Amino acid sequence: IQSDRWKALSAKGANVQRLLWASTGTKNPDYSDVMYVDELIGSDTVNTLPPATIEACADHCNVADRIETGVEESYNLIESLKDPDVNINLDEVMDELLADGIDKFIQPYQSLMKSLEEKVNRLAAV
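Numbering of the sequence shown is given in our numbering, commencing with residue 1228 and proceeding in unit increments.
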């Protein structure tokens, strides 16, 4: 966003593409109910929250730009996953999460399309 190329695009009306954190409610009751909100706050980001998380955040979020803190530690943690004693292939994990995430959107999308088709057919019969 600070590059000369971006500044030229911005001057012509381009908008910043913002990172979206989607539905970041905490599912594990052992974790803070605002864990993902607190840790993912950053400029030019969007976070969609379930209603319970919005209420919890209104009550006790610690709002501060944290997305750029701890970056070196994050890189070190990612590198440590390659250790033979840990042996976690992050590419495989991300591929699996992506496939699971896509699958979770397919069924609701198909259900919506079926519902719309049924409504169109009912209206066409009128």
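Each residue gets a CB set at the ideal place from its N, CA and C atoms; glycine is no exception. All values derive from a computational prediction rather than experimental measurement.
Contiguous alpha helix (DSSP H) elements confined to the stretch 1243-1298 occur at 1262-1267 and 1278-1287, taking only those with 4 or more residues.
The C-alpha of residue 1333 is placed about 20 Å away from the C-alpha of residue 1346. 1269 is the residue among 1269, 1234 and 1253 whose C-alpha sits nearest the C-alpha of residue 1247. In this structure, DSSP gives residue 1347 a helical state, which the three-state scheme calls helix.
A Cβ-Cβ separation of about 4 Å places residue 1251 in contact with residue 1263 under the 8 Å criterion. Listed in chain order, the non-local C-beta contacts of residue 1315 below 6 Å within the same chain comprise 1308, local neighbours out to five positions each way being set aside. In this structure, residue 1261 and residue 1284 form a Cβ contact; the two beta carbons are roughly 5 Å apart against a cut-off of 8 Å. In the three-state DSSP reduction, residue 1309 falls in the coil class, being neither helix nor strand.
Around the beta-carbon of residue 1280, 16 or more other beta-carbon atoms lie within 10 Å, marking it buried.
DSSP, reduced to helix, strand and coil, places residue 1229 outside both helices and strands of the structure shown, so it counts as coil.
Residue 1265 is a Cβ neighbour of residue 1288, given a cutoff of 8 Å.
Between the alpha carbons of residue 1338 and residue 1255 lies a distance of about 28 Å.
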